[in-house]
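Encoded as structure tokens, the structure appears first; notes follow it.
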Amino acid sequence: MHRLVMSLALLGTSKCRIKSQVLFRHATRITNYQNPFDSALKMSNVKRLGSAPRVGRVGIPSDAPENLVNVNVGEYWSTLKEEESEASGTWSHSWHFDDAVFAKDLFLTLQGDIDRSSIPTREVVGGQLILRG
């Protein structure tokens, strides 16, 4: 497993931390796409009583391993129009399935030829990687 792109559920339980540590050791780069406007993940946070917020909504913790990178897609997502999307389900959670900018970012991430801070669909703002259109 060289590159892994996902949104991780980093829970506070020791069982989940052990699973996460195995993942971190075997992956060279893990990309978390964060959308603070994701209503499906908002409901997941409510279900968990706020005890373990989803990194797909709140971003990765500051003490995350160095091979884990966060890309905030919230600002980009807020410029999109739901009526122009063919994504099904909860749009704030599934918009990326038919979005060309996200697809390009994902492709370049999986390809692995460009440093995560230099992928052309991203910009560094205030020390954070932001998806740009």
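Offset between the sequence shown (1-based) and the working numbering: plus 9. From the three backbone atoms N, C-alpha and C, an ideal C-beta is built for every residue, glycine too. These numbers were taken from a predicted model, which means no experiment stands behind them.
Apply the 10 Å Cβ neighbour rule to Arg34 and answer buried if 16 or more other Cβ atoms are within range, or exposed otherwise.
exposed
Can you find the residues in the same chain that come closer than 7 angstroms, C-beta to C-beta, to Gly142, ignoring five residues on each side of it along the sequence?
Answer for Gly142: Tyr85, Thr88 and Val110, listed in chain order.
Jot down the residue ranges of each uninterrupted alpha helix (DSSP H) in the segment 70-127, minimum 4 residues, whole runs only, in chain order.
Fully contained in the segment 70-127 are the following alpha helix (DSSP H) runs of length 4 or more, in chain order: 83-86, 100-103 and 109-120.
Determine the burial state of Thr22: buried for a count of at least 16 other Cβ atoms within 10 Å of its Cβ, exposed for fewer.
Summary for Thr22: the model assigns pLDDT 37, below 50, so the residue's position carries little reliability, and this model does not support an answer.
Are the CB atoms of Asn41 and Leu138 nearer to each other than 8 angstroms?
no
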